[in-house]
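J.: As they're listed, the protein sequences go chains L and X.
1 is the number of the first residue of the first sequence in the working numbering; add one for each residue after it.
1001 is the number of the first residue of the second sequence in the working numbering; add one for each residue after it.
Quick reminder that beta carbons are idealized off the backbone N, C-alpha and C, glycines included.
Being a predicted model, the structure only gives us computed values, none of them experimental.
There are 2 protein chains.
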Amino acid sequence: MPRLWKDTVDAHRQAVRDATLDAVAHLVTEDGLLSVTMSRVAERAGIGRATLYKYFPDVEAVLTAWHAREMARNLERLTAIAERPGSAAERLEAVLLTYAGISHEHHRGELVALLHRGDHALRAHRELATLIGDLIAEGARDGGLRGDVPPSELAAYCLAALTAATELTSREALRRLVAVVMSGLNGGPAPADPL
Amino acid sequence: MPRLWKDTVDAHRQAVRDATLDAVAHLVTEDGLLSVTMSRVAERAGIGRATLYKYFPDVEAVLTAWHAREMARNLERLTAIAERPGSAAERLEAVLLTYAGISHEHHRGELVALLHRGDHALRAHRELATLIGDLIAEGARDGGLRGDVPPSELAAYCLAALTAATELTSREALRRLVAVVMSGLNGGPAPADPL
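Okay, here's the thing in structure tokens:
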């Protein structure tokens, strides 16, 4: 296949894929995960059902692709927050608050639990743990956060504790949860940095 | 049915039930949850398969009953720890450490996740949250723990954070996790008790 032709085909495929996942996002927001069917996705995306089936074998594949895109976008958003100016502790708090908000908004239920068991979710979870662990390590070095517990363990603690966000009902409660989690990260001595 | 006869029948039923669940406990410990079948349970309990089926319709029912008994026993053990002498903060720390150990030892996998979705697990989770919330409220009153966040939210934070115990590989790491969680509970002011 000539190079230019291939580029055009790739761009077209990406456009169809994007339109399909945008359609899924609309359907999920409007009517929930269970409302998503191949017919509704095709209709909403403005493509034929036959075309949709060329891209995705079934509705599970469509949902998984949509969920993977959502997680990748969340990770980008959190990474951008982690790279803002400010102390490591401040940036970590902003990351945790945003993540708590995302967890809180998440659509609950069996289907989401299934999606979260996929490989893409595991990878995203690991990347997020690394992002948070790196901020904690930085905070331990600059003395703003405890240095007596391995950063990877503290990152796992943060992510586990923030699952409580799904049960909370107000923005204030989310802020309180993040403040409590941050207290856990401040609590110990920072042996690397004797003040 | 005469009273004495009924008592004897009830005692007999309870004995068969106990022997069955003890058999399940042995099989789970020795060969894992997936090894549990009605035939193996009957054989191990020393009862006939027909008898077993009079008590439990299928293996799921046996596993659910065993899991409910496990959770009830864990809750008894945690309640006893909560009632020991000592400050609320000390007793809470002991409860959390024991619970972290239990979570850590737990057999992982799809089947356990399914068992945890049952009504009995939901009830046990609520009772545990109440036990922990009560200790936190007591600690907030005596000034040993933060009083600026509702105890129910702090209890949910504890239980969520301790799910990180399943990923940890050593007793020391469990202790560190509980210490971090406790720091989260100490972090804020205790407005009710101006020292």
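Closest to W1066 of chain X by C-alpha separation, out of X:H1120, X:A1161 and X:G1048, would be which residue?
T.: X:H1120
J.: Going by the beta-carbon positions, is the gap between V180 of chain L and V1149 of chain X smaller than 8 Å?
T.: yes
J.: Along chain L, which residues have their Cβ under 8 Å away from the Cβ of N1186 of chain X?
T.: S183 and G187
J.: Excluding the five sequence neighbours on either side, which residues of its own chain have a C-beta within less than 7 Å of the C-beta of G187 of chain L, listed in chain order?
T.: Cβ neighbours of G187 of chain L beyond the five flanking positions: R146.
J.: If the cut-off is 9 Å on Cβ atoms, which residues from the region 1145–1158 of chain X count as contacting chain L, listed in chain order?
T.: R1146, D1148, V1149, P1150, E1153, L1154, A1156, Y1157 and C1158
J.: Using the Cα positions of L1096 of chain X and L1078 of chain X, report the straight-line distance between them to the nearest angstrom.
T.: 9 Å
J.: When you compare the CB of A1094 of chain X with every CB in chain L, is at least one pair closer than 8 Å?
T.: no
J.: Return the CA-CA distance between L1033 of chain X and L1168 of chain X, expressed in angstroms with no decimal places.
T.: 21 Å
J.: Please name the residue in L:M182, L:R17, L:L162 and L:A156 whose C-alpha comes closest to that of T130 of chain L.
T.: L:A156
J.: Would R176 of chain L count as contacting chain X if we go by Cβ distances under 8 Å?
T.: yes
J.: For N1074 of chain X, which option in X:T1037, X:A1113 and X:E1127 has the closest C-alpha, if you only look at C-alpha atoms?
T.: Just measuring C-alpha positions, the residue of X:T1037, X:A1113 and X:E1127 sitting nearest N1074 of chain X is X:E1127.
J.: Could you tell me the alpha carbon to alpha carbon distance between S170 of chain L and R1044 of chain X, rounded to whole angstroms?
T.: Each residue's Cα considered, the two are about 51 Å apart.
J.: Can you pull the chain X residues whose beta carbon is under 8 Å from the beta carbon of T163 of chain L, in chain order?
T.: Near T163 of chain L (Cβ distances below 8 Å), the residues of chain X are A1160 and T1163.
J.: Jot down the residue ranges of each uninterrupted alpha helix (DSSP H) in the region 65–111 of chain L, minimum 4 residues, whole runs only, in chain order.
T.: 88–105
J.: Mind pulling the chain X residues with CB within less than 7 Å of E167 of chain L?
T.: A1156
J.: I want to see whether chain X comes within less than 8 Å of V59 of chain L, judged by CB atoms only; does it?
T.: no
J.: For A1173 of chain X and chain L, any beta-carbon pair shorter than 8 Å?
T.: Yes, A1173 of chain X counts as interfacial toward chain L.
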